[in-house]
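In this note's numbering, the protein residues as written are 9 to 380.
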Amino acid sequence: MTQETATTGRPPEPSLADPCAEREPAGDRLRTGGDSPRLDVFLSGQVFMDMIFTGLPGLPPPGTEIVTDGLGSAPGGVANIAVAMSRLGLRVGLAAPFGDDMFGAYLWRTLAEQEGVDLGPSRRVPGWSTPVTVSMAYDSDRSMVTFVKPVPAPPDGLGGPPPDARACFVDVDRPVPPWAPEMRRRGALVFGDLGWDHTGAWPAEVLDRLAHVDVFLPNAAEAMAYTRTGTPAAAAEALAERAPVVVVKRGGDGAIAIDARTGERAEVGALPVEALDPTGAGDVFAAGFVFGTLAGLPLAERLRFANLCAGLSVRHRSGSLGSPCWGEIAAFGESGEVPEAVLAEYAFVIPFIPDAADDSPVRAEPTLRTGP
Numbered sequence: 009m010t011q012e013t014a015t016t017g018r019p020p021e022p023s024l025a026d027p028c029a030e031r032e033p034a035g036d037r038l039r040t041g042g043d044s045p046r047l048d049v050f051l052s053g054q055v056f057m058d059m060i061f062t063g064l065p066g067l068p069p070p071g072t073e074i075v076t077d078g079l080g081s082a083p084g085g086v087a088n089i090a091v092a093m094s095r096l097g098l099r100v101g102l103a104a105p106f107g108d109d110m111f112g113a114y115l116w117r118t119l120a121e122q123e124g125v126d127l128g129p130s131r132r133v134p135g136w137s138t139p140v141t142v143s144m145a146y147d148s149d150r151s152m153v154t155f156v157k158p159v160p161a162p163p164d165g166l167g168g169p170p171p172d173a174r175a176c177f178v179d180v181d182r183p184v185p186p187w188a189p190e191m192r193r194r195g196a197l198v199f200g201d202l203g204w205d206h207t208g209a210w211p212a213e214v215l216d217r218l219a220h221v222d223v224f225l226p227n228a229a230e231a232m233a234y235t236r237t238g239t240p241a242a243a244a245e246a247l248a249e250r251a252p253v254v255v256v257k258r259g260g261d262g263a264i265a266i267d268a269r270t271g272e273r274a275e276v277g278a279l280p281v282e283a284l285d286p287t288g289a290g291d292v293f294a295a296g297f298v299f300g301t302l303a304g305l306p307l308a309e310r311l312r313f314a315n316l317c318a319g320l321s322v323r324h325r326s327g328s329l330g331s332p333c334w335g336e337i338a339a340f341g342e343s344g345e346v347p348e349a350v351l352a353e354y355a356f357v358i359p360f361i362p363d364a365a366d367d368s369p370v371r372a373e374p375t376l377r378t379g380p
C-alpha cells in the first residue's frame with residue numbers, strides 16, 4: 009500500500025508488483041538434460057494466512073496487553089516453500105484449497121500474481137474459512153496460535169493425474185498422497201518434510217512412509233523424537249537407513265546430511281547473521297536444498313546454499329515474503345556482512361545468479377501492518 013495513492017471513499021489496493029525484478033526460470037542454470045517438464049516442482053497442502061507480530065519483549069502475561077509497531081502478513085503453510093522456490097527461478101505448481109473469504113482472495117492473488125506460482129491445480133472452496141496463524145516473535149524465537157477448520161475435501165485431492173515435474177514435495181506426517189508414488193515412477197524426485205507432532209506420540213509408522221521419499225528434511229527436534237535418539241547426528245544415521253538422502257536442520261547450528269547411496273556425509277554451519285524472525289526459515293532452507301539438488305550440486309554445497317537462503321530470510325520479517333530473491337543473494341556477496349573467508353565458501357553460487365540480478369534488491373512489503 010502507498011500513501012500517495014490514497015483516495016477518499018476508495019479502499020486501498022495492495023501492491024502485487026513482483027519483488028524479484030530479476031525473476032526468470034532457472035532453466036539452463038539447472039544443467040538439465042533433454043526435454044524438461046513444464047514444472048520443476050509440484051506440491052500440495054494447505055495455505056495459511058500468517059500474521060506475524062515482531063519486536064515483542066516476550067509473551068503477554070494473562071490479563072495484560074503488549075503494544076508493538078511490528079506486524080507483517082504473508083502466505084504461510086505450504087506457501088512458504090512454494091514462494092521460496094519460485095523466487096529462486098523454479099517453476100512451481102501448487103494444489104491447495106483456498107477459502108472464499110477476504111484472506112483467501114489475498115492469498116490467491118499474492119501467490120499467482122506477485123509470486124508466479126502456478127495455481128492451476130488449486131481450487132476455491134465455497135463457505136470454507138481460510139486457516140490463520142498468528143506468530144509472535146521474540147528473543148529470536150516464536151510462539152504461534154492457529155485457527156483452522158477441516159477442508160470439505162482432502163487437500164491432497166487433485167481431481168486428475170498429477171502434472172509432469174522434475175520433483176515433488178510431500179508432508180509425511182500424513183499418508184503420502186497417491187500422486188507422489190506415481191510421479192516418482194515417472195522419474196520425479198520426492199522430497200519429504202513433516203511438522204511438529206502436537207500429540208507428543210511421534211508414531212513410528214510415520215517413518216514407514218519414507219519408503220516413498222528420496223530426500224527427507226526434518227528439523228533436529230523432529231528427527232530425534234521420531235528416531236528416539238539423543239543427538240541430531242544419531243538421528244540422521246538412523247533415518248539414513250530409511251531414505252536415500254537425509255538432511256537434519258539444526259537452525260542456528262546449521263545442518264547435517266547423509267547420502268546413503270554414495271556414503272557421502274556433510275556438516276555445514278549456519279550463515280553468521282543476526283536473526284530477526286525465524287518464521288518459515290526451515291521451508292526456505294528446504295527450497296534452497298531442492299534447487300541445489302536439481303542443479304546437481306555436491307551434498308556440502310547443497311547444504312551451504314540452503315543455509316544461505318535460510319540465513320538471508322531470517323534477517324527480515326513477514327514469513328514467506330522474507331524469502332530471498334537472487335538480487336539479495338547477489339547483494340549479500342557485496343555487503344561485507346561476513347568475513348571474506350566465509351564468503352569464499354559460497355563462490356559456487358555465482359554461476360547461478362541471473363544476469364538481471366543486481367545488488368539493490370527490493371523487498372516485498374507486508375500487506376497488513378501498523379504505523380504510518
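The C-beta atom is built at its ideal place from N, Cα and C for all residues, glycine as well.
- Beta-bridge partners of Thr62 (DSSP): Gly78.
- For Ser143, the enclosing beta strand (DSSP E) has its first and last residue at 140 to 146.
- Here the region 219 to 238 makes no contact with the region 274 to 281; the two share fewer than three CB pairs at distances below 8 angstroms.
- Cβ neighbours of Pro280 within its own chain (closer than 7 angstroms, five residues either side excluded): Val346, Val350.
- Your pair Thr138 and Phe106 checks out as a contact, with CB atoms roughly 7 angstroms apart and the cut at 8 angstroms.
- Between the C-alpha atoms of Val253 and Arg95 there is a straight-line separation of about 24 angstroms.
- The C-beta of Phe155 has fewer than 16 other C-beta atoms within 10 Å across all chains shown, which makes the residue exposed.
- Selection Ser343, Ile337, Glu348 evaluated against Pro359 yields Ile337 as nearest (Cα-Cα).
- Contact between Ser52 and Pro185 is confirmed by a C-beta separation of about 7 angstroms, below the 8 angstroms threshold.
- Spanning the alpha carbons of Trp136 and Met59 requires a straight line of approximately 19 angstroms.
- For Leu302 and Arg174, the gap between their C-alpha atoms comes out near 8 angstroms.
- Per DSSP, Cys317 is one residue of the alpha helix (DSSP H) stretching across 307 to 321.
- Non-local C-beta neighbours of Arg18 in its own chain, meaning closer than 6 angstroms and more than five positions away in sequence, are absent.
- DSSP, read as helix, strand or coil, puts Asp126 in strand.
- In this structure, Phe56 is the residue among Phe56, Arg310, Asp291, Asp48 with its C-alpha nearest to the C-alpha of Val153.
- Between Ala92 and the set Gly124, Trp116, Gly66, the nearest pair of CA atoms involves Gly124.
- Beyond the five residues adjoining it in sequence on each side, Leu127 comes within less than 7 angstroms, by CB distance, of Leu102, Trp116, Leu119, Ala120 in the same chain, given in chain order.
- In terms of Cβ geometry, Val214 and Asp201 do not form a close pair [threshold 9 angstroms].
- By the CB criterion at 9 angstroms, Val357 and Val49 fall outside the cutoff.
- One thing to note: Ala34 has its Cβ within 9 angstroms of the Cβ of Gly97.
- When DSSP states are grouped into helix, strand and coil, Gly304 belongs to the coil group.
- In the three-state reduction of the DSSP assignment, Pro83 falls in the strand class, which pools E and B.
- Counting other Cβ atoms within 10 Å of its Cβ, Lys257 reaches 16 or more and is therefore classed as buried.
- Cβ-Cβ separation between Asn315 and Phe340: approximately 12 angstroms, too far for a contact (criterion under 8 angstroms).
- In this structure, DSSP gives Val91 a helical state, which the three-state scheme calls helix.
- Membership of Phe106 in any alpha helix (DSSP H) is not indicated; the residue belongs instead to the beta strand (DSSP E) covering 105 to 107.
- Only residues of its own chain outside the window of five on either side were considered, and among them Thr235, Thr237 have a CB closer than 7 angstroms to the CB of Ala246, listed in chain order.
- Judged by DSSP secondary structure, Asp216 falls within the alpha helix (DSSP H) whose first and last residues are 213 to 216.
- Under a 10 Å Cβ-count criterion, Gly66 is classified as exposed, with fewer than 16 other Cβ atoms of the shown protein chains found around its own Cβ.
- In the structure shown, the three-state DSSP call for Glu275 is strand.
- The beta carbon of Met232 lies closer than 6 angstroms to those of Ala243 in the same chain, with the five residues before and after it left out.
- Counting only the Cα atoms, Gly260 lies some 21 angstroms from Gly84.
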